[in-house]
Amino acid sequence: MKAGEIMKEKNIHLTEKFVRNTLGEDSTGHDWHHIERVRKNALYIAKKEQAGDPFLIEMAALLHDIPDAKLNTSKEAGERKLSDFLQEIEIAEEASSSIKTIIESVSFKGGNNKKVLSVEAKIVQDADRLDAIGAMGIARAFAYGGKKGQPIYDPGLEIRKVMTEDEYRNGKSSSINHFYEKLLKLRDLLNTDTAREMAEARHEIMEQYLHQFFIEWNGQA
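Per full-length UniProt numbering, the very first residue in the sequence shown carries number 1; after that it's consecutive.
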């Protein structure tokens, strides 16, 4: 194995350890298991699409939630945490910059994302969004909503069709509204053919769930 490949493997191992230690106790749906699923899906998509740099994809998938503002005291604190770690493992500046750019593309931001440019960013974004839909997405939506103190559903809360990033992050909503404000939109926002194919069954599961939810909410079953 070449020296460069050995260093990449070492960096991935160090990153796994860092992320496990940082997010291992998370109860909002952004724990190590979520990270591992995103990594597996990202590498699978890259292989199927025969596209992207596997090292950058794997590193960005592992680190994508580290700077997330909702998991830190502020956006700036999260960005510092990511930058400090990348400096600590002495990763090349070009690779570090690419990883940060990929991660910046991943978050939904209320649908106000900048256009995703690199193929690596498209793949990691798709992998993260796939874990936000389907059976796993349903579970994660209620885990996050409960942690944030949101109601399961409140008929008095209107579904927000257009939001700024701040409104998306801090406005009042419910876990059920979150499906309409974000999760049901994700299938049509995916970048790769592989991810779109994977999303079909997951999207259908959410639609079936919501149909049954409202039957039971209204006391008809």
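Quick reminder that beta carbons are idealized off the backbone N, C-alpha and C, glycines included.
Three-state secondary structure assigned by DSSP to residue i
i	result
residue 291	Since the first residue shown for the chain is 1 and the last is 221, residue 291 is missing from the structure and cannot be characterised.
K2	coil
Y153	coil
M136	helix
N11	helix
E207	helix
V162	coil
I66	coil
N72	coil
E25	coil
K115	coil
K172	coil
G219	coil
Contacts around residue i, its chain only, beta-carbon distance under 7 Å, and the 5 residues preceding and following it disregarded
i	result
H178	A141, G145
L43	P54, I57, E58
P151	S174
D198	With the sequence shown as reference, residue 198 is identified as Met, and Asp is not the correct amino acid for it. Only L130 meet the Cβ criterion.
G156	none
K75	A69
Alpha helix (DSSP H) segment containing residue i, residue limits
i	result
Q87	75-88
T101	93-106
P54	54-63
V124	119-130
K47	32-49
N177	175-181
Contact set for residue i: own chain, Cβ-Cβ below 6 Å, skip 5 residues either direction
i	result
D31	L23
V19	I35, L62
Y153	S174, I176
T194	I45, K48, E49
R196	L190
Cutoff 8 Å; reference residue i; Cβ partners in own chain excluding five residues on either side
i	result
L71	L23, D26, T28, H30, D65, G78
M206	I133, G134, G137, I138, F179, L183, L184
beta-carbon residue i near the ligand FMN non-hydrogen atom, thresh 6 Å
i	result
G146	Annotation note on the ligand FMN: not contained in the displayed structure, which lists no ligands.
Original post:
Do the segment 75-95 and the segment 115-132 make contact, defined as three or more Cβ pairs closer than 8 Å?
Top reply: no
Original post:
Per the contact definition of three or more C-beta pairs closer than 8 Å, is the segment 22-31 in contact with the segment 151-171?
Top reply: no
**OP:** Taking 8 Å as the threshold, find out whether the segment 126-140 comes into contact with the segment 171-191 through three or more Cβ pairs.
**Re:** yes
Original post:
How do the segment 56-72 and the segment 96-103 stand: do at least 3 beta-carbon pairs fall below 8 Å, yes or no?
Top reply: yes
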